[in-house]
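FYI, my numbering numbers position 316 of the sequence shown as 363, with every residue one higher than the one before it.
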Amino acid sequence: MKSAPLMKRLTALLTIARRSWGWLGLRWQLVVLNAVVIGATVATIVLLMDHIAEPSFMSIMHAAGQPVDPAAGQRAYDAAVSAEVYPTIAIGAAVAVLLNFLFVTLALRPLRAVRAAARSMASGAEPSPIESMRRDEIGDVAESVNELARSLKRLEDLRRQLTNDVAHELRTPLHNLLGLLEAMRDGVMPASPEHLDRAHLELGRLIALVEDLRALSDAQLARDRMDRRPLDLVRLVRDTMGSFATAMAGRRLSWTVESHGWSPVVTGDRVRLAQVVGNLVDNAIRHATPGTAITALVSSTGETTARVAVSDIGDTVPADALPYLFERFFRVDPSRARGSGGAGIGLAIARELVDAHGGTVGASSDGRGVTVWFELPVAAADEVLAVGAVGRRRQGRPRETAVRAG
48 MKSAPLMKRL TALLTIARRS WGWLGLRWQL VVLNAVVIGA TVATIVLLMD
98 HIAEPSFMSI MHAAGQPVDP AAGQRAYDAA VSAEVYPTIA IGAAVAVLLN
148 FLFVTLALRP LRAVRAAARS MASGAEPSPI ESMRRDEIGD VAESVNELAR
198 SLKRLEDLRR QLTNDVAHEL RTPLHNLLGL LEAMRDGVMP ASPEHLDRAH
248 LELGRLIALV EDLRALSDAQ LARDRMDRRP LDLVRLVRDT MGSFATAMAG
298 RRLSWTVESH GWSPVVTGDR VRLAQVVGNL VDNAIRHATP GTAITALVSS
348 TGETTARVAV SDIGDTVPAD ALPYLFERFF RVDPSRARGS GGAGIGLAIA
398 RELVDAHGGT VGASSDGRGV TVWFELPVAA ADEVLAVGAV GRRRQGRPRE
448 TAVRAG
């Protein structure tokens, strides 16, 4: 029963010690720990001197042939130790603690910069890069914080760019619509069907832009909402291009799907991948020269990768603009693109969806037109067997299809 209060006291003391230890900074914690190590070393040396050095001293004196009175020898030994050894140990321990404090302070200097950078990022300010030549764990922490700061800056730049782009895209149709409505209200122009059609067209552009933004947001969140199944990629491309037959007929365009007898199977969401192909075909229709052909080539770029490349003959893209073709709101010719339809979001949506399927996108321009492509991993062998029999029994469906529209 008496031990219970003692245990409570010990527990309370341990709790106080933990809290006090937590209040110390990392520097002082390391200094205290090293001081404890130094103190333990000094205590060990003193104990060894008392139990080992003193008998050894007496033995050495006897071996030298000098008779030594034990009492006198003990006094001589204690005087020598007190006058020479103990002060030396004390000075050495003090120097060790001082050097330990200096070295720990220098070693933790990058952490202070890391703390300042983290507080700066938390307050919304842009922190200065942490300069550290160290290659240890503390240097890794500093570099990680620098990378975090760069990533946050990129995200902030993208946010500002998106805000500016959306405002820019909304400004033109809103101003046009406002001008039409004010002109008709003030009697400058009559509210004729022609003018109402123009207002309706501007409203249609606004609605299309909002729908594009919604589709882009949906594509960015699609990774966790995929209905992934084995798909015949050639059949998917053919069916999707066929749905654009009317649009291509209006521009006197022909279309062709080529696979050279290869029918890859990929694992993915049919609706999402059809949206990717549709965006590429829609982009090609907008920029193809009337009377030319749009070609979709399904090919292999390796044993485990399938590529779908949609090519058109018409507007070209400069080499320095190709890397930005999949960015939001990017247009090679901004003044012309708004009139030809589209807000520059379709290819950005395609990139997000392909990324969600573990694939890549790209584009090239050869002076005659533009080829936009995406690559996907080929499905495993058991998934290929799951759709292979059905796909190959489709009657009257060759692997190369050419259709002339219009």
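In this text, a Cβ means the ideal position worked out from N, Cα and C, and glycines have one as well.
Exposure label - residue i; buried when at least 16 CB within 10 Å
i           : result
residue 337 : exposed
residue 216 : buried
residue 359 : buried
residue 62  : exposed
residue 382 : Caution is warranted here: a pLDDT of 48 is assigned to residue 382, below 50, making its placement in the model unreliable, and the coordinate value is therefore given only provisionally. Exposed: under 16 other Cβ atoms inside 10 Å.
residue 413 : exposed
residue 392 : buried
residue 282 : buried
residue 278 : buried
residue 56  : exposed
residue 170 : exposed
residue 304 : buried
residue 211 : exposed
residue 264 : exposed
residue 198 : exposed
residue 280 : buried
residue 306 : buried
Residues sharing a beta bridge with residue i, DSSP
i           : result
residue 309 : Residue 309 is not bridged to any residue.
residue 423 : 353
residue 358 : 342, 418
residue 407 : 422
residue 315 : 276
residue 347 : 353
residue 412 : 417
residue 90  : Per DSSP, none; premise fails for residue 90.
residue 321 : DSSP lists no partner for residue 321.
residue 335 : 361
Integer-rounded CB distance, given that residue j should sit under 8 Å from residue i
i           : j           : result
residue 302 : residue 341 : 5 Å
residue 324 : residue 355 : 7 Å
residue 420 : residue 409 : 6 Å
residue 255 : residue 227 : Rounded, the Cβ-Cβ distance is 18 Å, inconsistent with contact.
residue 220 : residue 253 : 5 Å
residue 352 : residue 422 : 5 Å
residue 144 : residue 92  : Rounded, the Cβ-Cβ distance is 15 Å, inconsistent with contact.
residue 298 : residue 335 : 7 Å
residue 209 : residue 375 : 7 Å
residue 426 : residue 314 : 5 Å
Nonlocal neighbours in the same chain, by C-beta distance under 7 Å from residue i, ignoring five residues either side
i           : result
residue 200 : 173
residue 177 : 157, 160, 161, 164, 189, 192, 193
residue 203 : none
residue 149 : none
Beta-carbon gap between residue i and residue j smaller than 8 Å
i           : j           : result
residue 327 : residue 397 : yes
residue 343 : residue 364 : no
residue 147 : residue 89  : no
residue 33  : residue 403 : The requested residue 33 does not occur in the structure, where the chain is confined to residues 48 to 453.
residue 317 : residue 276 : yes
residue 394 : residue 372 : yes
residue 243 : residue 224 : no
residue 345 : residue 284 : yes
Other residues of its chain near residue i: CB distance less than 6 Å, five sequence neighbours each side excluded
i           : result
residue 214 : none
residue 339 : 360
residue 186 : 179
residue 369 : 410
residue 367 : none
residue 362 : 334
residue 140 : 85, 89
Own chain, CB closer than 8 Å to residue i, minus 5 neighbours either side, in chain order
i           : result
residue 268 : none
residue 196 : 164, 168, 173, 174, 176
residue 82  : 144, 147
Closer than 8 Å to chain B by CB, residue i
i           : result
residue 258 : Here chain B cannot be found, since the structure has a single protein chain.
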